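Here's the structure, in structure tokens; my notes come after.
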Amino acid sequence: MSTLAPLSETPETATSTVQELEAVRARFPAGSILPQDGLDQPTWIVSRDVLAAVARELKDNPQTQFDLMLDLCGVDFPDREERFEAVYHLYSLHRGARLRLKVPLREDDAVIPSLIPVWKAANWFEREIYDMFGVRVEGHPNLSRILTHEAFQGHALRKDYDPARRWILTEDKIYKPHFDLPPGENEDDMFERMTVNIGPTHPAMHGTFRLMAVLDGETIVASDVEIGYLHRCFEKMSETHTWQHVIPYTDRLNYCSSFINNVGYCKTVEKLLGVEPPPKAVWARTILSEFSRIMDHCVCNGTTLVDAGGLTNFWYLFQPREEIYGLLESVCGARLTVSACRIGGLIQDLPPDFEARCRRLLEIIPPFVEDSEKLVNKNRIWIDRSVGIAAISGEEAVNWGWTGPCLRASGVGYDVRRAHPYDLYDTVDWEVPVLYGGDVYDRWRIRMLEIWQSLKIIRQLLDRGMPEGPHIVDDPHVALPSKEACYNEMEAMIYHFKLIMDGIRVPAGEIYNMVEGANGELGFYTISDGTGKPYRNHCRPPCFPIFSTFSRLIQGGSLSDAIVSLGGLNIVAGELER
Amino acid sequence: MDKMTGESWVTTTFETLEDWAARNSFWPFPFGTACCAIEFMSTVSSHYDLSRFGSEVVRFSPRQSDVLLVAGTINDKMGPVLKKIYDQMAEPKWVISMGACACSGGFYRAYHVMQGIDEIIPVDVYVPGCPPTPEGLIYGLLQLKEKVIRDRKRFREQGRNQGNNQEKNESVNAGATV
């Protein structure tokens with residue numbers, strides 16, 4: 002069933018990528034594309050006039066093949082003449098290459114062309130940049146607010162927007178659905194149709210989404226999805242807190258596996274700082290990330306089956322989670338929102354029984370997973386409800402910006418842990434499971450297979466033994482001194498005071514760094530201006546592009562199939578809406 | 308008595324029986340939006356087993372539930388929805404605010420987050436924590452139980468006093484007319 006990832010075995014070297022990019026650049030008028038050097042990945046400053054053509058060329062040219070649009074975000078520089086920057090992050094699955102496009106925009110003329118014809122993933126990202134920065138997108142079919150509510154005034158991520166300024170939503174302003182009806186139909190002649198509203202608080206909607214579906218009998222003709230019911234202003238809050246204080250906010254992005262978010266953020270800042278965490282921290286991060294992944298997959302698969310009517314499975318899969326909570330609690334004192342990472346290491350030294358606890362978990366978890374697999378794998382009811390439901394091909398999934406288990410269930414073996422190894426993933430023996438159905442069943446199955454791979458990784462790391470040494474870097478500019486030192490040494494106390502009051506001084510620069518989250522590539526695009534706070538901290542949420550596909554996935558299926566297909570996508574509202 | 312009828316008997320007042328039933332059969336509506344909802348799932352699942360406290364009959368319909376359990380951040384977009392759900396619940400109803408966000412907005416002092424659900428609906432029990440542990444939530448539910456009993460007693464006494472006063476007034480009036 003599982004095979005090694007086919008695409009990531011031969012990543013191209015960086016030099017050849019540079020040559021190919023130069024070849025593309027030469028085709029456009031001089032001055033319309035300016036490369037920016039000295040950054041973490043190749044970066045082009047692209048003039049708005051050629052943006053659509055450049056995007057098309059980058060995607061279609063067999064020498065570059067940037068088929069995955071990872072991310073689009075805005076940045077505000079009030080002092081510059083060209084105040085806004087639209088930043089695209091592109092990825093080539095075949096070559097393992099990355100490219101960043103920056104489009105500078107004047108405030109009085111903040112318009113970008115829509116890239117939906119090139120990458121469908123652009124759809125919601127473009128709505129987001131409109132919502133957050135007021136950058137208009139020409140040619141977008143439904144340019145409306147997506148994260149904030151409709152009565153919201155102003156654009157929240159502009160630097161001159163007061164972080165605490167709220168607006169009251171009244172009922173007459175709430176969102177009007179935008180249905181993508183089949184050609185030849187309009188909403189006026191829908192006598193035979195019925196429009197059903199599900200959510201935002203509905204047992205079948207995981208979290209806080211709202212689905213509005215136009216039905217013909219049981220069949221969904223068109224639908225629209227509304228989000229924003231859990232927009233908690235993560236990115237604005239990042240800009241008002243010091244670098245360390247952002248860590249608890251990252252917990253609450255994907256709260257089902259909060260540790261992975263911690264790792265993703267801390268690694269990003271560490272790279273900016275040029276700090277390398279000690280071996281013990283790296284070892285523990287890898288183990289705890291994999292345990293978190295198991296936890297996340299357990300919740301996702303458990304709740305998916307609840308939607309299909311199988312409650313037993315939920316109890317089976319929730320128990321491993323409860324056991325892992327015990328481990329996390331012993332490491333940092335919290336169960337769910339752990340904040341166990343610190344920039345440069347871990348929050349504190351690992352407990353003396355850490356290894357014993359992990360080994361015990363390796364014994365406890367498999368029986369529960371086995372039981373669940375036995376119940377469901379060949380279950381006639383589940384197979385009838387899930388095989389072929391909400392199927393998507395690998396090519397289309399890539400076009401919509403999918404990553405993670407959902408993409409791997411569609412036959413594309415892209416896994417950040419394998420394609421761009423970090424921590425200890427390149428030193429252990431494990432496989433990237435890939436399935437080819439792309440339907441609800443395969444999305445369910447692949448998570449089960451990944452649980453076994455995670456257990457395999459953890460077992461190997463435990464056999465290797467815990468590395469000796471400190472749990473955090475010994476650098477007073479990054480890590481807090483010990484309490485004992487603070488109370489007894491003048492210098493340590495000064496460092497402590499400076500770190501708490503001013504924050505870590507991160508050198509000016511920008512970086513995009515990614516880890517494999519439980520539901521895809523979790524990236525952080527972070528800009529520092531050399532002060533104690535992030536200038537901009539954007540999270541690339543893996544489920545944002547996945548959920549933007551939901552309307553397309555359920556179209557033509559029955560309403561009950563739509564409910565089943567939502568669970569398998571593993572949409573976590575905290576991360577979706579940040 | 309047992310020997311006479313062959314069955315077990317307990318003597319009590321109707322009020323005590325009613326209190327006992329009301330105290331031990333909450334039907335919560337989990338208004339779960341965020342991280343706290345995951346901890347609520349822990350609380351109802353087998354490890355902590357909320358049914359030991361008679362509150363496991365989770366109902367997703369406001370018409371069928373009497374405790375609104377707000378678990379998670381409520382933002383300005385969700386606010387009107389929460390208000391509508393609360394209005395749809397039948398009396399008597401209670402509200403538990405689970406977690407720092409529902410209590411006060413938590414550390415999201417931000418442009419899109421409601422600074423506590425008590426901006427729009429009344430709250431009976433605040434459970435602190437981010438998120439609260441299942442033990443914390445269970446403690447909150449136990450506190451609510453006590454509050455329910457206290458309130459019922461108080462209402463009964465109020466009713467009795469009001470009734471007595473009415474009788475008195477009526478007799479005074481009757482006397483006056485004679």
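Which chain is which? The protein sequence lines are S and B, in order.
Going by the numbering used here, the first sequence opens with residue 2, and the numbers climb by one from there.
Going by the numbering used here, the second sequence opens with residue 308, and the numbers climb by one from there.
Every residue, glycine too, gets a C-beta built ideally from N, C-alpha and C.
Quantities reported herein were computed from a predicted structural model and do not represent experimental measurements.
According to a CB-to-CB cut-off of less than 7 angstroms, which residues of the stretch 374-395 of chain B neighbour chain S? Correct list: 380, 382, 383, 384, 385, 386, 387, 388 and 392.
Taking only the alpha-carbon atoms, compute the straight-line gap between residue 377/S and residue 383/S and give it to the nearest angstrom. When rounded, the distance between both Cα atoms is 7 angstroms.
Distance CB(residue 339/S)-CB(residue 329/S) smaller than 9 angstroms: The answer is yes: Cβ separation under 9 angstroms.
Candidates 122/S, 410/S, 510/S and 170/S: which alpha carbon is nearest residue 92/S's? The candidate whose alpha carbon is nearest that of residue 92/S is 122/S.
Quick check on residue 69/S: does DSSP put it in helix, strand or coil? It is a strand residue.
Could you list which residues in chain S have their beta carbon closer than 7 angstroms to that of residue 364/B, in chain order? Under the 7 angstroms cutoff, chain S gives no residues; its nearest Cβ is about 14 angstroms from residue 364/B.
With 16 other CB atoms within 10 Å as the buried threshold, where does residue 383/B fall? Buried.
Between the CA atoms of residue 50/S and residue 403/S - distance to the nearest angstrom: Their backbone Cα atoms lie some 28 angstroms apart in a straight line.
Quick check on DSSP: helix, strand or coil for residue 452/S? Helix at residue 452/S.
Cβ separation of residue 245/S and residue 473/S, assumed to be a contact under 8 angstroms, to the nearest whole Å: Residue 245/S to residue 473/S, Cβ: 12 angstroms. No contact.
Length of the line joining the Cα atoms of residue 333/S and residue 118/S: Cα to Cα, residue 333/S sits roughly 47 angstroms from residue 118/S.
Within this structure, are the beta carbons of residue 205/S and residue 132/S separated by less than 9 angstroms? No; because the gap between Cβ atoms is not below 9 angstroms, this pair is not in contact.
In angstroms, rounded to a whole number, what distance separates the CA positions of residue 488/B and residue 372/B? Absent from the structure is residue 488/B, since the part of chain B shown begins at 308 and ends at 485.
Using a Cβ cut-off of 9 angstroms, pull out every chain B residue sitting near residue 319/S, in sequence order please. Correct list: 348, 349, 352, 353 and 354.
Sub-9 angstroms separation of residue 64/S and residue 112/S beta-carbons: Taking 9 angstroms as the cut-off, the Cβ atoms of residue 64/S and residue 112/S do not count as close.
Is there at least one Cβ from chain S nearer than 9 angstroms to residue 416/B's Cβ? At least one chain S Cβ lies under 9 angstroms of residue 416/B.
Which chain B residues are close to residue 201/S, counting only those with a beta carbon under 9 angstroms from its beta carbon? Against residue 201/S, the close residues of chain B are 340, 384, 385 and 388, in the order they occur along the chain (beta-carbon pairs closer than 9 angstroms).
Check the C-beta distance from residue 443/S over to residue 410/S and give it rounded, since I have them as a contact under 8 angstroms. Rounded, the Cβ-Cβ distance is 4 angstroms, consistent with contact.
Where residue 323/S meets chain B, residues with beta-carbon distance less than 9 angstroms: Per Cβ cutoff of 9 angstroms: 349, 352, 353, 354 and 355.
For residue 568/S, the three-state DSSP class (helix, strand or coil): Shown here, residue 568/S sits in a helix according to DSSP, grouped into three states.
Check the Cβ of residue 420/B against every Cβ in chain S and list those closer than 7 angstroms, keeping chain order. By Cβ distance, chain S contributes 233 and 234.
Stretch-stretch touch, CB-based, cutoff 8 angstroms, three pairs: the stretch 535-543 of chain S with the stretch 481-489 of chain S: Contact between the stretch 535-543 of chain S and the stretch 481-489 of chain S is absent: fewer than 3 CB-CB pairs across the two stretches fall below 8 angstroms.
Got a sec? Which residues, its chain only, sit under 8 angstroms from residue 263/S by beta carbon, not counting five neighbours each side? Closer than 8 angstroms at Cβ, skipping near neighbours: 248, 251, 252, 339, 340, 341 and 342.
Proximal chain B residues relative to residue 204/S, where beta-carbon distance stays under 8 angstroms: Using a Cβ-Cβ cut-off of 8 angstroms, residue 204/S is close to 367 of chain B, given in chain order.
Measure the C-alpha to C-alpha separation of residue 334/B and residue 324/B and round it to an integer number of angstroms. When rounded, the distance between both Cα atoms is 18 angstroms.
Proximal residues, the stretch 438-455 of chain B versus chain S, C-beta separation under 7 angstroms: Listed by position along the chain: 438 and 440.
Is it buried or exposed for residue 184/S, if we count other Cβ within 10 angstroms and need 16 for buried? The residue is exposed, with fewer than 16 neighbouring Cβ atoms inside 10 Å.
I need the DSSP call for residue 487/S, collapsed to helix, strand or coil. Helix at residue 487/S.
Check the Cβ of residue 170/S against every Cβ in chain B and list those closer than 8 angstroms, keeping chain order. Taking a Cβ-Cβ threshold of 8 angstroms, the residues of chain B close to residue 170/S are 383, 384, 386 and 387, in chain order.
Hey, how far is the Cα of residue 424/S from the Cα of residue 269/S? Our two residues, residue 424/S and residue 269/S, have alpha carbons roughly 13 angstroms apart in a direct line.
Do you know how far the Cα of residue 407/B is from the Cα of residue 98/S? Distance between the alpha carbons of residue 98/S and residue 407/B: 43 angstroms.
Can a CB atom of chain D be found closer than 9 angstroms to the CB of residue 218/S? Of the chains in the structure shown, none is chain D; the protein chains are S and B.
From the DSSP output, in three-state form, read off residue 385/B for me. Coil.
Report yes if the C-beta distance between residue 448/S and residue 406/S is below 9 angstroms; otherwise report no. Annotated as proximal: residue 448/S and residue 406/S, with beta-carbon spacing under 9 angstroms.
Within 9 angstroms (strictly less), CB to CB, does residue 411/B reach chain S? With 9 angstroms as the cut-off, residue 411/B does not count as an interface residue toward chain S.
Anything in the stretch 236-247 of chain S with a Cβ closer than 8 angstroms to a Cβ of chain B? List those residues in chain order, please. Taken in chain order, the members of the stretch 236-247 of chain S whose beta-carbon sits within less than 8 angstroms of a beta-carbon on chain B are 237 and 238.
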